[in-house]
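**Student:**
There are 2 protein chains.
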Amino acid sequence: MKIIDLSIQDNFWSRYQEIVKKAVIPYQWKALNDEIKDAEPSHAIKNFKIAANLETGEYYGEVFQDSDVAKWIETVAYSLKNFPDDNLEQKVDELIDIIELAQDEDGYLNTYYMLKEPDKKWTNLRDHHELYCAGHFIEAAVAYYNVTKKRKLLNIVCKYIDLIDELFGLEEGKRRGYPGHQEIELALLRLYEITKDEKHLNLAKYFLYQRGTEPNYFEIEKAKRDETDVLIWNDEDNLNFGLEKEYQQDHVPIMKQKEAVGHAVRAVYMYTAMADLAVKENNQELYEVTKKLWNDVVNKKMYITGGIGSSANGESFSDAYDLPNDSMYCETCASVGMTFWANKMNKFEKNSDYHNILEREIYNGTISGMNLAGNKFLYVNPLEVNSKQQNRVDQEHVLPERQPWFKTACCPPNLARMITSIEKNLYDIEDDAIYINQYIGNQSIIEYQSNVININLESKFPWNGEVKISLDSNKQQDFKLFLRIPDWCCDFKVTVNGRESNEATHDDNGYLMIDKKWSKDEIKIEFSMPVLEVKSNPRVRNNIGKVALQRGPIVYCLEEIDNGENLAAIYLEGDNYKVKSGESDLNNMVTIETIGEKIDWKGVDKNYSYSEEIYKNQKLKVKAVPYFSWNNRGSGEMIVWINKNNNE
Amino acid sequence: MKIIDLSIQDNFWSRYQEIVKKAVIPYQWKALNDEIKDAEPSHAIKNFKIAANLETGEYYGEVFQDSDVAKWIETVAYSLKNFPDDNLEQKVDELIDIIELAQDEDGYLNTYYMLKEPDKKWTNLRDHHELYCAGHFIEAAVAYYNVTKKRKLLNIVCKYIDLIDELFGLEEGKRRGYPGHQEIELALLRLYEITKDEKHLNLAKYFLYQRGTEPNYFEIEKAKRDETDVLIWNDEDNLNFGLEKEYQQDHVPIMKQKEAVGHAVRAVYMYTAMADLAVKENNQELYEVTKKLWNDVVNKKMYITGGIGSSANGESFSDAYDLPNDSMYCETCASVGMTFWANKMNKFEKNSDYHNILEREIYNGTISGMNLAGNKFLYVNPLEVNSKQQNRVDQEHVLPERQPWFKTACCPPNLARMITSIEKNLYDIEDDAIYINQYIGNQSIIEYQSNVININLESKFPWNGEVKISLDSNKQQDFKLFLRIPDWCCDFKVTVNGRESNEATHDDNGYLMIDKKWSKDEIKIEFSMPVLEVKSNPRVRNNIGKVALQRGPIVYCLEEIDNGENLAAIYLEGDNYKVKSGESDLNNMVTIETIGEKIDWKGVDKNYSYSEEIYKNQKLKVKAVPYFSWNNRGSGEMIVWINKNNNE
């Protein structure tokens with residue numbers, strides 16, 4: 344079986360893809376060209392023009408500035424599939440021409456080193472991002488080739504990889520290095536899918552397996568570096584923010600890694616590559632290692648929004664169940680990375696856990712990184728914003744408002760490429776089975792035994808649990824259809840061709856299986872979507888005595904604009920939740936209303952600190968809105984976790 | 344009226360004074376002489392010996408290392424009054440001889456600059472601590488003179504002050520500087536009490552009023568400094584930890600200061616001097632400014648333990664009601680400073696608020712800084728210690744255990760001098776009135792109209808509210824006796840000579856006044872000490888849904904050793920509190936027992952994060968111990984604020 348065409352036609356995601364097309368891509372193009380007022384200049388395109396001798400000037404930007412260009416190209420590639428646009432495609436082609444001009448004769452391509460420190464290439468893999476940027480160009484090239492079949496960027500990239508392959512490896516005379524920031528591993532595996540060139544597979548494997556070996560390459564490399572080298576951000580006195588080798592996950596070889604540690608984005612990019620390699624080589628042992636890391640993350644180190652990285656220091660994982668809501672990191676990129684990882688895990692073993700988490704990510708902690716208009720972004724995604732936050736240095740990284748751009752602009756383009764490539768998460772296909780992972784509306788054509796199956800999936804997700812799947816095959820065919828049962832749903836109804844299905848069996852991997860002869864069939868599913876009061880594991884000390892509201896895949900939050908100041912003083916009461924929709928200022932999203940109480944804190948004298956006073960409560964109409972939509976109607980307090988008396 | 348003798352004879356404080364005498368003073372002497380294994384070396388005495396040419400070597404230690412020597416002398420001075428000890432006094436005399444030898448001919452006395460940067464004296468008042476150290480030597484000299492009547496240290500100090508007075512002031516040719524770390528102001532006012540030398544008063548006034556004026560002295564000073572100067576801790580790029588002038592309270596002149604800002608210890612030392620100056624000059628306007636700052640601190644920026652400084656960044660105050668329990672600073676020194684300030688405030692205006700807070704400090708947030716044995720210390724006094732704390736960089740300053748010593752060793756000697764001089768807080772005396780502020784057992788002699796009144800106060804504080812005060816005067820005398828009614832007490836009984844008193848009236852300053860003719864009288868008071876469930880102002884978001892237990896002046900906490908792991912999962916139930924005493928491992932302190940529930944968190948699968956599960960609770964015997972006594976029976980979790988369902 345093979346998907347030969349897939350087109351998203353979905354209420355929710357088509358809107359997002361349109362925003363990326365209409366707002367984000369042009370906006371990011373301006374950003375890359377420094378045309379946005381009041382935003383940090385990017386200089387990313389200019390760096391390439393200077394390297395290509397088309398302009399003069401000096402390099403400006405972070406050491407990984409090139410990657411923003413790559414991510415933009417990748418996003419545009421996916422978007423061109425959804426929305427063909429000759430002008431835009433031409434813009435990309437012209438940009439690729441500049442990149443080609445910029446590339447060194449030997450294949451080298453990193454404008455930071457080319458313009459700023461040409462003698463110091465490959466001397467600081469730990470802190471600088473040459474291999475990381477190369478990875479992003481691979482991804483861009485693969486995406487652009489897949490959509491346009493144009494090879495120029497792919498050729499540029501392959502030339503660069505040839506150079507990298509000559510320089511790095513276990514063979515005599517090669518450097519035994521690997522990237523400080525993982526990314527090229529997952530990218531090389533994607534490249535291998537196109538090129539089928541074993542060199543690309545093997546280089547990915549080399550980078551993965553060399554990591555964490557002794558003697559430690561980064562120490563050797565450091566010893567060789569000129570002492571006067573200016574480290575851009577890594578402080579030798581406080582190496583990797585005190586996190587040492589764990590920061591970049593090179594503390595032990597990957598097969599010995601058992602817990603998620605260090606910088607969250609680096610980690611999940613690496614785990615993604617590990618999962619993909621396990622798939623490509625059908626390596627059960629590698630999969631099991633990766634699954635252990637998966638379970639550690641999703642069961643012990645993940646916020647209900649899908650956010651990961653509970654420590655701002657090193658933007659990193661911290662201990663199991665250490666999940667503060669107001670001082671965490673929860674980088675948008677890390678949640679985007681989780682979707683990549685989840686996608687690959689399910690390709691090795693079908694288990695609804697993977698797409699349950701993927702669903703949690705795509706509807707919550709990823710898209711929270713962008714406003715509804717697509718022109719303001721968050722790097723850090725808090726679960727609590729209170730009025731004191733910005734004045735505390737230990738929480739000043741938690742911005743109370745989305746920003747027009749960032750000096751380190753990894754998150755906005757990362758989110759854009761996730762949105763434009765959302766289609767890759769919908770199906771997994773096996774020899775005689777179709778897995779429907781995400782209920783996102785689409786029209787698809789699947790090839791099966793020289794025949795085609797047309798699928799039309801209509802969905803009202805995430806606001807309503809009704810899904811209709813029409814299959815249309817010219818020839819009656821026998822295969823299994825698997826439907827993921829979302830983890831938030833304990834009540835659903837399935838009919839096949841209008842009748843309750845006998846063929847549907849609840850698989851123990853969390854999918855519903857329908858095994859029948861298919862020709863023209865219609866499946867209807869109704870996943871009930873009650874409002875859930877979710878609790879977190881009571882090992883998470885911050886959330887004891889609190890619940891979060893969730894409906895379907897959407898996690899909700901309270902905002903000051905709806906519920907007044909001092910959200911921490913609100914208690915939920917009972918379980919009478921009313922679901923509403925149709926608020927135009929929130930794109931007609933579903934909001935939740937209920938009755939609660941709020942401590943009459945304004946009635947309490949400002950000038951006492953501590954007393955035995957019994958607080959008076961005031962009844963309050965509590966209104967919750969989708970978490971991802973917070974801060975779209977002005978700034979103010981926000982909370983996800985809401986007080987509820989114990990055992991009520 | 345005048346106190347002519349006062350001797351502490353108190354169950355609680357005599358034990359502490361003995362600990363300081365027997366354990367802390369010898370221990371700190373060893374520390375100052377680098378004789379404590381596994382502790383940060385101090386080198387403080389050695390620095391003086393080198394400066395005195397008695398030894399050779401180089402300066403070592405912080406820029407304020409000298410002050411530890413001064414605080415030790417001050418502590419010993421007070422202790423000698425309580426426990427005369429010729430050997431110890433001789434040790435101090437020998438040390439003073441060394442200091443005399445170390446002093447420069449012109450009077451200068453700061454071993455850091457003398458040994459390390461002799462050409463750079465007085466060039467960095469903002470960051471280095473010359474005037475601060477001078478202040479501590481003044482306090483030591485005053486204390487040592489008061490107890491021993493020996494003048495040598497006083498002479499040394501006066502000579503130094505003469506030099507400082509020549510250098511600083513508004514007069515032509517003088518530097519218009521003032522200290523970066525306040526301390527000398529309050530010290531000069533103490534010196535003035537002995538010397539009655541207006542120069543000392545005026546220099547204190549100059550330092551206070553010059554602060555915060557324009558043009559800003561620290562900016563002028565900085566512009567003059569050699570750019571290559573190494574700043575010891577203050578980073579020009581992130582001046583005063585980003586707190587700018589507010590850090591050292593020189594953002595505006597003192598009369599324009601309205602809110603407590605910046606480094607908490609600096610602030611309260613300055614406020615103490617302001618209050619004392621208001622007293623000395625009967626300056627109502629200055630008092631009102633100081634009172635505004637007082638109210639800001641105690642009503643909006645103070646923890647229930649008396650801790651202040653809710654931000655580790657800059658060890659500083661933060662916003663009103665921003666009082667996190669796990670990432671605060673609450674430096675021992677800051678709470679000690681609060682007692683100095685409260686003491687002075689009450690000398691201007693009698694208001695029980697001042698000694699209510701002083702009581703909160705002396706029984707909670709100060710003595711929590713030392714273990715019961717007197718040989719381990721805390722700098723930072725958390726209200727919550729959880730198992731993850733040390734692994735979070737944003738909370739790593741919160742040590743889970745007291746330490747043998749610190750490189751910056753301000754807190755242990757500061758606490759020791761507070762304990763040994765606790766007597767100064769007991770009484771305030773006016774022309775015809777005696778104010779009993781603290782119910783600490785003592786025998787005192789008060790002079791009144793050429794006669795003496797013997798007072799014998801017996802108290803079972805803080806464990807029991809019974810107080811017996813015997814007055815014995817040879818001659819019948821008419822004066823007012825004021826008894827502070829503690830803020831935790833809403834029920835008390837007073838008898839005078841066995842009968843309920845008619846003379847006792849409840850004054851509106853929070854004192855009970857008895858106006859009668861006294862000769863031989865016995866007053867008995869019973870302050871009832873029920874266990875209180877205290878709530879904090881609901882503007883403090885962290886404490887909503889929680890109570891703290893308090894009995895008498897003692898704030899309680901839960902420790903893991905008594906209540907098991909995951910203290911955050913405990914809920915208090917009802918209000919049936921049993922008071923127990925007699926546990927030998929806690930010095931027979933009163934502990935509190937009650938019934939609560941604990942979420943059966945161990946019964947919850949480790950491998951799920953979020954669910955709708957209703958937790959099971961297990962009944963639990965909850966045991967609370969005095970907050971100050973935490974971490975005396977091993978390490979583990981600790982909390983002050985405990986869950987209680989709303990409106991139960």
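Chains as they are written, first to last, in our numbering: chain A, 344 to 991; chain B, 344 to 991. By construction, the Cβ of each residue, glycine as well, lies at the ideal position given by its N, Cα and C atoms.
#1: Could you tell me the distance, in whole angstroms, from the CA atom of Ser-385(B) to the CA atom of Asn-376(B)?
#2: Could you name the residues of chain B that Asn-638(A) contacts, counting a contact when the two beta carbons are closer than 9 Å?
#3: Can you tell me where the alpha helix (DSSP H) holding Phe-480(B) begins and where it ends?
#4: Can you say whether Arg-469(B) is buried or exposed, counting buried as having 16 or more other CB atoms within 10 angstroms of its CB?
#5: So, is Ile-957(B) buried or exposed, given that buried needs 16 or more other C-beta atoms within 10 angstroms?
#6: In the structure shown, what three-state DSSP assignment does Thr-648(B) receive?
#7: Can you check which of these residues, Tyr-630(A), Gly-523(A), Leu-726(A) and Lys-987(A), is closest to Lys-687(A) by C-alpha distance?
#8: Taking Cβ-Cβ distances below 9 Å as the criterion, which residues of the region 626-656 of chain B are in contact with chain A?
#9: Alpha carbon to alpha carbon, how far is Glu-473(A) from Thr-556(A)? Give it in angstroms, no decimals.
#10: Report the partner residues of Val-968(B) according to the DSSP bridge assignment.
#11: For Gly-939(B), which of helix, strand or coil comes out of DSSP?
#12: Using a cut-off of 7 Å between C-beta atoms, extract the partners of Leu-875(B) located in chain A.
#13: Confirm, please, whether the CB-CB distance from Phe-550(A) to Glu-528(A) is below 8 Å.
#14: Taking only beta carbons into account, state which residues of the region 662-688 of chain A come closer than 9 Å to chain B, listed in chain order.
#15: Nearest chain A C-beta to Ile-942(B) closer than 8 Å, yes or no?
#16: Does the beta-carbon of Tyr-722(B), which I'm using as the reference point, lie nearer than 7 Å to any heavy atom of the ligand FAD?
#17: Of all the options Cys-754(A), Asn-354(A), Cys-673(A) and Glu-624(A), which has the alpha carbon lying nearest to the alpha carbon of Gln-371(A)?
#18: Could you have a look at Glu-908(A) and say whether DSSP puts it in helix, strand or coil?
#19: Of all the CB atoms in chain B, is at least one closer than 8 Å to the CB of Tyr-487(A)?
#20: How about Ile-935(B): is its C-beta nearer than 8 Å to some C-beta of chain A?
#21: Let me check understanding here. Comparing Cα to Cα, which of Glu-589(A), Asn-545(A), Ser-802(A) and Arg-518(A) lies closest to Glu-564(A)?
#22: Which runs of the beta strand (DSSP E), 3 residues or longer, sit entirely within the region 779-857 of chain B?
#23: Taking Asn-909(A) as the query, report the chain B residues whose CB atoms sit under 9 Å from its CB, ordered along the chain.
#24: From Cys-833(B) to Val-641(B), what does the alpha carbon distance come to, in whole angstroms?
#25: Quick one: what's got a C-beta closer than 7 Å to Cys-900(A)'s C-beta in the same chain, skipping five residues either side?
#26: Quick one: list the residues of chain B neighbouring Val-947(A), beta-carbon separation under 7 Å, in chain order.
#27: In terms of residue numbering, what span does the beta strand (DSSP E) encompassing Leu-875(B) cover?
#28: Do Gln-600(A) and Gln-591(A) come within 8 Å of each other at the CB atom, strictly closer than that value?
#29: Consider the Cβ of Ala-420(B): report whether some Cβ of chain A lies at a distance smaller than 8 Å.
#30: Do the region 734-746 of chain B and the region 394-411 of chain B make contact, defined as three or more Cβ pairs closer than 8 Å?
#31: Note down, in chain order, all residues in the region 732-754 of chain A with a beta-carbon under 7 Å from any beta-carbon belonging to chain B.
#32: Consider the Cβ of Asn-986(B): report whether some Cβ of chain A lies at a distance smaller than 8 Å.
#33: Could you check the C-alpha separation between Asn-656(A) and Leu-666(A) for me, to the nearest Å?
#34: Out of Val-922(A), Ile-938(A) and Gly-939(A), state which residue places its alpha-carbon closest to the alpha-carbon of Asn-931(A).
#35: Quick check: the Cα distance between Phe-355(A) and Leu-431(A), rounded to an integer number of angstroms?
#36: Strictly by DSSP, which residues pair up with Glu-869(B)?
**Tutor:** Quick look at the numbers:
#1: Stepping through the second sequence from its first residue, residue 385(B) is reached at position 42. Stepping through the second sequence from its first residue, residue 376(B) is reached at position 33. Roughly 7 Å between the two C-alpha positions.
#2: Counting from one through the first sequence, the residue named residue 638(A) turns up at place 295. Under the 9 Å cutoff, chain B gives Asn-950.
#3: The residue given as residue 480(B) occupies position 137 in the second sequence. Run containing Phe-480(B): 473-491, per the alpha helix (DSSP H) assignment.
#4: Counting from one through the second sequence, the residue named residue 469(B) turns up at place 126. Flag for Arg-469(B) reads buried.
#5: Counting from 1 along the second sequence, the entry for residue 957(B) is found at position 614. Per the 10 Å Cβ criterion, exposed.
#6: Stepping through the second sequence from its first residue, residue 648(B) is reached at position 305. If DSSP states are grouped into helix, strand and coil, Thr-648(B) belongs with coil.
#7: Here the question's residue 687(A) lines up with position 344 in the first sequence. For the residues Tyr-630(A), Gly-523(A), Leu-726(A) and Lys-987(A), the minimum Cα distance to Lys-687(A) belongs to Tyr-630(A).
#8: Asn-638, Val-641, Asn-642, Lys-643, Lys-644, Met-645, Tyr-646, Ile-647, Ser-653, Ser-654, Ala-655 and Asn-656
#9: Taking the first sequence and counting its residues from 1, one reaches residue 556(A) at position 213. Taking the first sequence and counting its residues from 1, one reaches residue 473(A) at position 130. One C-alpha to the other measures close to 21 Å.
#10: Position 625 of the second sequence, counted from the first residue, corresponds to residue 968(B). The partner list for Val-968(B) (beta bridge, DSSP) reads Cys-900(B).
#11: In the second sequence, the residue the question calls residue 939(B) occupies position 596. Three-state DSSP puts Gly-939(B) in a strand.
#12: Counting from 1 along the second sequence, the entry for residue 875(B) is found at position 532. Near Leu-875(B) (Cβ distances below 7 Å), the residues of chain A are Glu-955.
#13: Walking along the first sequence from the start, residue 528(A) turns up at place 185. Walking along the first sequence from the start, residue 550(A) turns up at place 207. Yes. Within cutoff.
#14: Asp-662, Ala-663, Tyr-664, Asp-665, Leu-666, Pro-667, Asp-669 and Ser-670
#15: Here residue 942(B) corresponds to residue number 599 of the second sequence, with the count starting at 1. Cβ-Cβ to chain A under 8 Å: yes for Ile-942(B).
#16: With respect to small molecules bound, the structure shown includes none, and the ligand FAD cannot be examined in it.
#17: Residue mapping note: residue 371(A) aligns to position 28 of the first sequence, counting from 1. Closest option to Gln-371(A), Cα to Cα, is Cys-754(A).
#18: Here residue 908(A) corresponds to residue number 565 of the first sequence, with the count starting at 1. Coil, per DSSP.
#19: As a first step, residue 487(A) is located in the first sequence; it is residue number 144 there, counting from the start. By this cut-off, Tyr-487(A) is not an interface position.
#20: As a position in the second sequence, residue 935(B) is number 592, starting the count at 1. No, no contact with chain A.
#21: For the purposes of this step, residue 564(A) is identified with residue 221 of the first sequence, where counting begins at 1. That would be Arg-518(A), whose Cα lies nearest to the Cα of Glu-564(A).
#22: 785-791, 794-802, 809-827, 835-839 and 847-849
#23: Within the first sequence, residue 909(A) is the residue found at index 566, counting from 1. Result: Pro-881, Arg-882, Arg-884 and Ile-887.
#24: For the purposes of this step, residue 833(B) is taken as the residue at position 490 of the second sequence. For the purposes of this step, residue 641(B) is taken as the residue at position 298 of the second sequence. Taking the straight line from one Cα to the other gives about 20 Å.
#25: Taking the first sequence and counting its residues from 1, the one referred to as residue 900(A) is at position 557. These residues qualify, in order along the chain: Ala-967, Val-968, Tyr-970, Trp-973, Met-981, Ile-982 and Val-983.
#26: For the purposes of this step, residue 947(A) is taken as the residue at position 604 of the first sequence. The contacting residues are Asn-880 and Pro-881.
#27: One-based indexing of the second sequence puts residue 875(B) at position 532. Its beta strand (DSSP E) spans residues 874-879.
#28: To locate residue 591(A), count along the first sequence from 1; it is residue 248. To locate residue 600(A), count along the first sequence from 1; it is residue 257. Against a cut-off of 8 Å, the Cβ pair of Gln-600(A) and Gln-591(A) comes out as no contact.
#29: Along the second sequence, one-based indexing puts residue 420(B) at 77. By the rule that beta-carbons nearer than 8 Å mark a contact, Ala-420(B) does not touch chain A.
#30: The answer is no - the region 394-411 of chain B does not touch the region 734-746 of chain B, with fewer than three Cβ pairs under 8 Å.
#31: Asn-734, Arg-735, Val-736 and Asp-737: these are the residues of the region 732-754 of chain A whose beta carbon lies less than 7 Å from some beta carbon of chain B, given in chain order.
#32: For this step, residue 986(B) is matched to residue 643 along the second sequence. Yes - at least one Cβ of chain A is within 8 Å of the one on Asn-986(B).
#33: Working through the first sequence from its first residue, we reach residue 656(A) at position 313. Working through the first sequence from its first residue, we reach residue 666(A) at position 323. Spanning the two alpha carbons is a distance of roughly 14 Å.
#34: Sequence index remark: in the first sequence, residue 931(A) carries index 588 (1-based). Looking at the Cα atoms, Val-922(A) is the closest of the given residues.
#35: The residue you call residue 355(A) lines up with position 12 of the first sequence. The residue you call residue 431(A) lines up with position 88 of the first sequence. Cα-Cα distance, rounded: 24 Å.
#36: Start at 1 with the first residue of the second sequence, and residue 869(B) comes out as number 526. Glu-809(B) and Lys-836(B).
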